[in-house]
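Residue numbers (my numbering), protein chains in the order written: chain A, 11 to 371; chain B, 11 to 371; chain C, 11 to 371; chain D, 11 to 371. Have a look at the structure below before the remarks.
Number of protein chains: 4
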Amino acid sequence: MSGNRFGTLFQYHSWGESHGEAIGCVVDGVPPGISLVAEDIQHYLDSRSPGRSRHTTQRRESDHVEILSGVFSGKTTGTPISLMIRNEDARSKDYDGIRDKFRPGHADYTYHAKYGHRDYRGGGRASARETAMRVAAGAIARKILETQIDPHILIRGAVIQIGNLACSREKWDWGEILKNDFYCPDGTMIRKWETFLDEKRTSGSSAGAIVEVQATGIPAGLGAPVYDKLDADIAKALMSINAAKGVEIGDGFDCVALGGEENADEITRDDNGKPLFLSNHAGGILGGISSGQDIIARVAFKPTSSVLTPRQTLDTEGNETTVVTKGRHDPCVGIRGMPVAEAMLACVLADHWLRHKAQCL
Amino acid sequence: MSGNRFGTLFQYHSWGESHGEAIGCVVDGVPPGISLVAEDIQHYLDSRSPGRSRHTTQRRESDHVEILSGVFSGKTTGTPISLMIRNEDARSKDYDGIRDKFRPGHADYTYHAKYGHRDYRGGGRASARETAMRVAAGAIARKILETQIDPHILIRGAVIQIGNLACSREKWDWGEILKNDFYCPDGTMIRKWETFLDEKRTSGSSAGAIVEVQATGIPAGLGAPVYDKLDADIAKALMSINAAKGVEIGDGFDCVALGGEENADEITRDDNGKPLFLSNHAGGILGGISSGQDIIARVAFKPTSSVLTPRQTLDTEGNETTVVTKGRHDPCVGIRGMPVAEAMLACVLADHWLRHKAQCL
Amino acid sequence: MSGNRFGTLFQYHSWGESHGEAIGCVVDGVPPGISLVAEDIQHYLDSRSPGRSRHTTQRRESDHVEILSGVFSGKTTGTPISLMIRNEDARSKDYDGIRDKFRPGHADYTYHAKYGHRDYRGGGRASARETAMRVAAGAIARKILETQIDPHILIRGAVIQIGNLACSREKWDWGEILKNDFYCPDGTMIRKWETFLDEKRTSGSSAGAIVEVQATGIPAGLGAPVYDKLDADIAKALMSINAAKGVEIGDGFDCVALGGEENADEITRDDNGKPLFLSNHAGGILGGISSGQDIIARVAFKPTSSVLTPRQTLDTEGNETTVVTKGRHDPCVGIRGMPVAEAMLACVLADHWLRHKAQCL
Amino acid sequence: MSGNRFGTLFQYHSWGESHGEAIGCVVDGVPPGISLVAEDIQHYLDSRSPGRSRHTTQRRESDHVEILSGVFSGKTTGTPISLMIRNEDARSKDYDGIRDKFRPGHADYTYHAKYGHRDYRGGGRASARETAMRVAAGAIARKILETQIDPHILIRGAVIQIGNLACSREKWDWGEILKNDFYCPDGTMIRKWETFLDEKRTSGSSAGAIVEVQATGIPAGLGAPVYDKLDADIAKALMSINAAKGVEIGDGFDCVALGGEENADEITRDDNGKPLFLSNHAGGILGGISSGQDIIARVAFKPTSSVLTPRQTLDTEGNETTVVTKGRHDPCVGIRGMPVAEAMLACVLADHWLRHKAQCL
């Protein structure tokens, strides 16, 4: 109830502060008998790892994950899976300067207002470091989907816009994603983003980004009507990522300008007599329930609030002051947000899969 | 767990189909001693009532709400408040034509895929009729906020775009909202929207809309870190409304193109020494917790999927066919979505208020 | 969270006061496609109906249940099933005398302390009348178990002790249960109980009772380790019934005096090679998970607190006074508790069945 | 939902197997600003520590608890508190003999039936070792109650019966409890229990026990009506402890033989004009809500199922075999259950305190 837990049947409870002893999570509700080793999780953690390029934070963590429970002889036992990553490279000294100041755009002021007392080091609980646990839980969520539904399920994402520089949907190539520092699917955009972000970084500024995630191979029927619609749960999951400010499903805001007859995806049959949609404006979800089409969502990340430009603010005593955020930060936090968004989508789908099994299978 | 319940401490469980006996909800967790009469709820129901104008559905329901429990001598007792609205004007015959066909853009196919068996009349549980219970619960949520925080709290909304016709933020006048059929805050836009929607309706098409909701007077400190961020819960609440396809907080997708130093709202002191933000790009939420500024969110509604143009689809046997959606529908469902969006925001805030009281007060 | 909801996947949210408009509940999580008509529920309601004999309350309600949603063409749709019973025979006048007095042994004082404000008529929300909804929900729970596991599952109970007069386990005859006014399985005890209760009633006193419930045909594997053990959930479910003060599983308190080698049920094979337990001290549950044996639980009901003997108490102003509880009451509330205990057991089992399906099937 | 989490607002999620890397839990919902150091928790862990005497298991663990998050500068921050205890003395070899056999009275068979696959070493997740986390969480629960309600709140327990040897209530002396190896409140009973247990141990048998726990200083008003009654939640909490088979509140099963006029506790005023109950048959709870009297509950523990007498059983292949449980076990597991029962009561009360604050304060 205090907001550190995600999911209903597939669920995880995350803990830890950026500069504390460790971060971790307890993943629960996992079906027994699923093969799982630390490497399955480490693989995805490495893909989000800070220090990947000069465009992401220079904090270097090996992010070595330990499985402390819930797995025996290489298989899940159905009991809670406790994951932990020790914090190794925590230079708390960097944060002494902002100990008593509320950094604009950060959670400093609101945590202070809510809790009175906070671990200011590196943002404490509000740090993007917490997202490592989302990625770890997401790796287990994928395992569930692959084992119980279809080994070919794909849950993947891309950064499709940085600042005002958007990729071309026509040039989308999934093969490009892991070849560049930006998870960019449009090869023609990479040079432009490099130049743009170098400029941002050297000027002490930062940039926002839009991430798109897609799930392919999800059967029709996942989701729930009314309040826990599949898209509502995806919206919550994506909006809960640090720095997220907007979420769309399918055509999203663009569908406002369409007529109903354009927007509603017509249905025919494929060669096997199965339903075939003629378009996917809906992003694979109708009435809160998956249609079997690709599930498509986008999330907008604001520009990193940690900037080197001095900004006006208050200290914890209420005095006016200015603040410059040192420390090691991502000039574009949205890039590291991509694997996190993928993971959150996987978690929502694994949860709704178990919910669907419980009620309808 | 089956998706018909909203909230954690302030919560309600909604039930009922469009053309069944009745719709209703059980509102629970309400503090005792709050004055409440049916009229407090009826007031908000009337504001969303179908039949308000030619731009919304022609189904006419008095939507007369009964309070069946939880209130004694005009005050809440702390026990569940059961609300019920009898369905009066249910012309199920209108739906015989679509009984065995999946209307494109509707939940027909996905409900069929999930449940096998469904109440096809008027969309059954997937009907926008369910939103009456959201508005009813929202009326009680407002009562909680007004009684326990501040009687001057305002939770209000506006339709700011229909089709591709957007209001001007400069011409925003809250006084306009209730003077026109569209909850439009920009008086210069009304004639244009009338023309546009008449055209849509007569051509058997429909239009999308964007709704903005704002909460004024909410103190700093509401919300939770990580997964149940206040903005994540607002995103879920708004995305769960029928036909919603996108949600934004504060600047939303527009903040992607800003630099971090522009987007992060600086802080100074007001005349009473209290924190005063110099801008509100964040929409009143930082790190998932309210900052005391106005909370601002937007939701995009797709064009109504019920259109008079014949559309290609399948029947429940898997045969190809076409469908035309008769029945009484809103050419722009987003208009009726406005009071619903207001209500959902009120529900999220009341819930987080009680959560905050439990842990931090 | 406010205590009016039961269950996790199979769940229901109950509402209503003894002398309000109606009582009801919303049953949710029910699998689609299960045949259900009001009579399926009415059957069990009738079996608990007040007015059955002079040994239970003289309040006469037809307890006519209406299904308001969630069922279409005689089958569940997977959406919430709203049940309602109008209160017909509500003589609130009977309660004017206790409006401002705290009846000893009743919830009057504690509701006052908690909520400040309460519906005093007939105990309001604390009335045993609420248990009708447990029985109604239990009827649906049975349907789930019978449809999804085995049509021959039996969930049944008996009153095995009234006052200090206990049945003989050797004379247990399930066939006797419905032939007498007490759900008594031991025909030799009936006359004694009649005499005993007549004496209690005429002297303005009341008596306690012990109820035993059994579930036969439940497969091994239902339940959960640690906190939501099957027996822990049964204990909660039974202890939540009005007037319950003790709960046992299997041998319960009696196993304290056994040695471990006597108490631990040995296992061999039956003729089909399946596990066969040589005894059932455990009551069908080991480590919180069902073993496939009969599940056996007992619940102790205190003597009805509504007695005609004047008792010392305070009024709501804090003045000393005495109170005599008029109204129509059961001299032995435990008798009516039997069908309620059966229903609660059914609800726990249906819930854990769905939970098991979600994680392990 | 998979049963490893306890509580609603004050809650903890426990993880770990008896012979895995570590055990731990995440305690969440804790109010910020409460002083907390590891020693506060270690104190209670030491009191339950195995190896205390020859009457409890000979497994020796230092049970050194680490606080990994949620505390900063000696105070809780309102974020999750992660606790961990490394498993040091795990002799898994001891368990090779029972790897493929279902020990009677143990969870071996039911875990196998549920999960197919299990960590058999030392009972894995079903081991009483897990109860260390209950005691740890209970220590934090006490802190909440002491800080937010009254520093003099007492939550304490005693072993009141071992085998068929019951303490005398007249000789109850809280001062005796920590002076003997049994948490026995009756000094005259200690020698008898020693003799009895020595006999049990040397004969390879074991004994059951009854534990009573009491909470003093809890105000009226905690709890909830209907399903989450305070006594129902206590019943679940106590019944969830390993080896528990029965639970009572107040007079429990004994109240069955009382008349209503004896059992219902009369009320008068104390010298300060406050309500004073003339007896406490109810155990401090009426209608599911605390009355301000001492809260009293008892729990029956079965005799330890690990016995040295050969017992008939099956192996995982379904063959008949016999088993003798070696390893290091408590001849009377109920003794170690006492601090666990205290802790569970503390957790229930802290949870209901926060729930009460949320709705009614």
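From the three backbone atoms N, C-alpha and C, an ideal C-beta is built for every residue, glycine too.
With respect to the C-alpha of LYS111/B, the residue from GLU276/A, HIS291/A, GLY26/A, ILE150/A having the closest C-alpha is GLU276/A. Counted as a single uninterrupted DSSP element, the alpha helix (DSSP H) harbouring GLU204/C occupies residues 200-212. DSSP lists no bridge partner for HIS74/D. A direct Cα-Cα distance of roughly 42 Å separates THR198/D from SER213/C.
Here GLU209/B is exposed. Its C-beta has fewer than 16 other C-beta atoms within 10 Å. In the structure shown, the three-state DSSP call for TRP25/A is strand. For THR157/A, no CB of chain C lies under 8 Å from its own CB, so it is not counted at the interface with that chain.
Within chain A, the residues placing a beta-carbon under 8 Å from that of TYR119/B are ALA230, ILE277, PRO285, LEU296, SER301, ordered along the chain.
For a Cβ distance threshold of 9 Å, residue set LEU78, SER79, GLY80, THR89, PRO90, SER92 of chain A lies close to GLY26/D, ordered along the chain. A direct Cα-to-Cα measurement between GLY231/B and ALA123/A gives close to 5 Å. In the displayed model, GLU156/D falls within a helix according to three-state DSSP. By DSSP's assignment, ASP325/B forms a beta bridge with LYS111/B. Within the segment 36-51 of chain A, contact with chain C at the beta-carbon level (separation under 7 Å) is assigned to GLY39, PRO41, PRO42.
Note that the C-beta distance between VAL47/D and GLY84/D is below 8 Å. The bridge partners DSSP lists for THR226/D are LEU164/D. With distances taken between CA atoms, GLU186/B lies nearest to ARG166/B out of ASN14/B, ARG166/B, ALA310/B, GLY173/B. When GLY39/C, GLY269/C, GLY30/C, ALA32/C are compared, the shortest CA-CA separation from ASN174/D is found for GLY269/C. The shortest CA-to-CA distance from ASP56/A to any of TYR130/A, THR278/A, VAL145/A is the one to VAL145/A. For CYS357/A, no CB of chain C lies under 8 Å from its own CB, so it is not counted at the interface with that chain.
Counted as a single uninterrupted DSSP element, the alpha helix (DSSP H) harbouring GLU352/A occupies residues 343-370. Beta-bridge partners of GLY283/A (DSSP): none assigned.
The C-beta of LYS153/A has 16 or more other C-beta atoms within 10 Å across all chains shown, which makes the residue buried.
Judged by pairs of C-beta atoms under 8 Å, the segment 311-327 of chain A does not touch the segment 13-25 of chain B, as fewer than three such pairs exist.
As the crow flies, the alpha-carbon of VAL343/C is around 60 Å from that of PHE263/A. Secondary structure of SER57/C (DSSP, three-state): helix.
In the DSSP assignment, MET94/B is bridged to GLY34/B, GLU76/B.
Nearest C-alpha to THR314/A among LEU240/A, ILE251/A, GLN158/A, LEU93/A: ILE251/A. Contact note: ARG321/D reaches chain C through GLU271, ALA274, GLU276, using a C-beta cutoff of 7 Å and chain order. ARG139/C sits close to ILE33/C, with the two beta carbons spaced by under 8 Å.
Closer than 8 Å to the CB of ILE259/D there is at least one CB belonging to chain C.
The segment 251-278 of chain A contains, as complete beta strand (DSSP E) runs of 3+ residues, the segments 254-259 (chain order). Note on geometry: alpha-carbon atoms of GLU204/C and GLY347/C lie some 17 Å from one another. Taking a beta-carbon distance threshold of 8 Å, ALA267/D counts as an interface residue toward chain C. Excluding its 5 nearest sequence neighbours in each direction, TYR121/A has C-beta neighbours in its own chain below 6 Å: ARG128, listed in chain order. Within the same chain, and ignoring the five residues on either side of ASP304/B in sequence, the residues whose Cβ sits closer than 6 Å to its Cβ are GLN224, THR226, GLY294. Residue burial is scored here from C-beta neighbours: PRO320/B has fewer than 16 other C-beta atoms within 10 angstroms and is therefore classed as exposed.
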